[in-house]
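Position one of the sequence shown corresponds to residue 2 (the numbering used here), numbered consecutively onward. Beta carbons: idealized from backbone N, C-alpha and C, even for Gly. Read through the structure below, which is laid out as structure tokens, and then see the notes.
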Amino acid sequence: MSDKRLLDTKRPTPLASSGALLQHIRLGLAFTRADLAALTGAARSTVSQRVDALIAAALVYEAGDGVSTGGRPPTVLAFNGDAGVVLTADLGATHSSFGVHDLNGVALARRGADLGIADGPEVVLASVLGILEELLHESGRSPTQVRGVGVGLPGPVEFASGTAVHPPIMPGWDGFPVPPHIQQHFDVPVLVDNDVNIMALGEYWTEWRDAVEDLIFVKVGTGIGSGIIVAGQIHRGAQGAAGDLGHVQLMGRTELCRCGNRGCVEAVAGGAALARSLTEGGTPASTARDVVELARGGNATAVRLIREAGRNLGEVLAGAVNFFNPAVIVMGGDVTAADQSLLAGVREVVYQRSTSLATQHLQIVRSRLGDRAGITGAAVMVIEHLLAPAAVDRQLETAVTG
Ligand SMILES: [Zn+2]
2 MSDKRLLDTK RPTPLASSGA LLQHIRLGLA FTRADLAALT GAARSTVSQR VDALIAAALV
62 YEAGDGVSTG GRPPTVLAFN GDAGVVLTAD LGATHSSFGV HDLNGVALAR RGADLGIADG
122 PEVVLASVLG ILEELLHESG RSPTQVRGVG VGLPGPVEFA SGTAVHPPIM PGWDGFPVPP
182 HIQQHFDVPV LVDNDVNIMA LGEYWTEWRD AVEDLIFVKV GTGIGSGIIV AGQIHRGAQG
242 AAGDLGHVQL MGRTELCRCG NRGCVEAVAG GAALARSLTE GGTPASTARD VVELARGGNA
302 TAVRLIREAG RNLGEVLAGA VNFFNPAVIV MGGDVTAADQ SLLAGVREVV YQRSTSLATQ
362 HLQIVRSRLG DRAGITGAAV MVIEHLLAPA AVDRQLETAV TG
């Protein structure tokens with residue numbers, strides 16, 4: 002028992018370190034030096050000294066006077082979102098999005114481009130770097146202001162090393178070291194994650210973080226994947242494979258999946274599977290986007306297939322709801338964007354099949370960010386890494402001693 006307690010004891014970052022004070026200001030928990038002293042219990046002189054260090058590092062600025070409670074009004078402190086920029090790339094199978102963001106995550110410039118991920122890492126990353134250079138120039142910022150780069154890849158990623166692991170649609174990428182490659186160009190921290198994880202983070206951070214803590218983001222495009230937010234953080238799992246919802250088996254189905262197994266929900270309800278069904282029924286369609294176009298154009302078969310896909314996906318999500326009890330399920334990806342059919346099918350089954358306690362307050366909604374979710378999440382991922390209290394403390398120490 003005592004051994005376990007020893008193991009469980011992690012040394013927490015002091016609540017009043019410079020990095021922690023910055024966090025309190027960023028999160029809106031404190032607005033003045035007096036607030037910070039009250040919040041952390043640290044002495045006013047200590048707080049003032051550390052705030053001065055944050056101001057010297059241009060991470061915090063004095064934003065004017067607050068409301069006086071008698072006497073001199075206190076100075077309001079604010080996080081300086083212009084202290085640098087973060088570059089992002091959300092790479093898809095055939096289409097990618099790019100962004101330049103300030104340290105509040107706001108996009109200063111963004112762009113989409115058609116890149117074939119199957120062209121391999123050398124070719125794709127050369128294009129990525131070229132586009133990021135151009136966007137940076139467009140945003141009016143210089144390379145010296147770049148603080149970090151965030152990348153999403155359409156396959157399983159080992160987060161610690163930033164490499165794709167046996168990605169099915171990415172020939173040549175298996176084990177390719179993405180961060181060092183980008184760092185030859187931008188010598189800053191480079192974080193790489195699975196594209197659905199960053200979409201989940203983007204959607205959560207922008208739309209939900211003040212309201213809920215647990216969320217599942219489901220992307221239905223060519224394939225099906227999900228990103229899981231637990232207690233406000235991405236849940237990657239032991240090997241980074243958490244959320245691989247597309248390969249959960251549907252009862253009684255035998256369709257062959259690209260993973261080699263049979264009856265995976267992706268092989269039944271993914272965009273590629275829907276395109277195949279339409280083609281077999283005499284309506285030619287080769288991609289998820291074709292299916293979406295047909296549904297938007299009022300093709301009754303396409304609409305029916307998408308609704309049926311929603312029901313099948315609902316079967317799997319009903320299990321996930323019982324198991325994980327999320328507050329929100331956000332549906333994203335091309336097929337979700339078609340119309341309300343997919344969402345309707347999912348809702349129908351999830352509310353019927355999950356326990357009433359788990360669905361009592363459950364919301365099932367469409368992504369509000371759409372194709373901006375990925376780059377937004379990539380920016381948030383990098384910003385939270387750069388501005389984590391311990392990272393800021395290290396940075397300030399280096400500034401003092403080095
Ligand atoms: Zn599968």
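Look at residue 362 here: in three-state DSSP terms it is coil, with no helix or strand label. Per DSSP, the continuous beta strand (DSSP E) segment holding residue 148 begins and ends at 147-154. Comparing alpha-carbon positions, the option among 70, 68, 69 and 53 lying closest to residue 62 turns out to be 53.
With the rule of 3 Cβ pairs closer than 8 Å, the stretch 388-396 does not count as touching the stretch 350-362.
About 7 Å separates the beta carbons of residue 304 and residue 340, which is inside the 8 Å limit, making them a contact pair. If you draw a straight line from the Cα of residue 36 to the Cα of residue 58, it is about 21 Å long.
One Cα belongs to residue 253, the other to residue 314, and the distance between them is close to 14 Å. Residue 157 is classed as buried because its beta carbon has at least 16 other beta carbons within 10 Å across all chains shown.
The beta carbon of residue 392 sits no closer than 7 Å to any heavy atom of ligand 1.
A direct Cα-to-Cα measurement between residue 335 and residue 30 gives close to 38 Å. Two segments are said to touch when three or more pairs of C-beta atoms, one from each, lie closer than 8 Å; by this definition the stretch 87-95 touches the stretch 149-166. Following the DSSP letters along the chain, one finds residue 103 inside the beta strand (DSSP E) bounded by residues 96-103. In the three-state reduction of the DSSP assignment, residue 332 falls in the strand class, which pools E and B. Straight-line spacing of the CA atoms in residue 368 and residue 176 works out to 31 Å.
For residue 307, the uninterrupted alpha helix (DSSP H) run begins and ends at 301-325, by DSSP. Secondary structure of residue 396 (DSSP, three-state): helix. At the C-beta level, residue 224 and residue 159 stay beyond 8 Å of one another. Boundaries of the alpha helix (DSSP H) harbouring residue 198: 196-204, taken from the DSSP string. Remark: the shortest separation between the CB of residue 267 and any heavy atom of ligand 1 falls under 7 Å. Three or more beta-carbon pairs drawn from the stretch 193-209 and the stretch 228-241 are found closer than 8 Å, and the two stretches are therefore classed as touching.
Of the heavy atoms belonging to ligand 1, none sits nearer than 7 Å to the Cβ of residue 138.
By alpha-carbon distance to residue 228, the top candidate from 66, 126 and 321 is 321.
In this structure, the CA atom of residue 319 is about 13 Å from the CA atom of residue 329. Here the alpha carbons of residue 110 and residue 125 stand approximately 20 Å from one another. A residue is called buried once 16 or more other Cβ atoms fall within 10 Å of its Cβ, and residue 116 is buried on that count. Residue pairing from DSSP places residue 115 in a beta bridge opposite 96.
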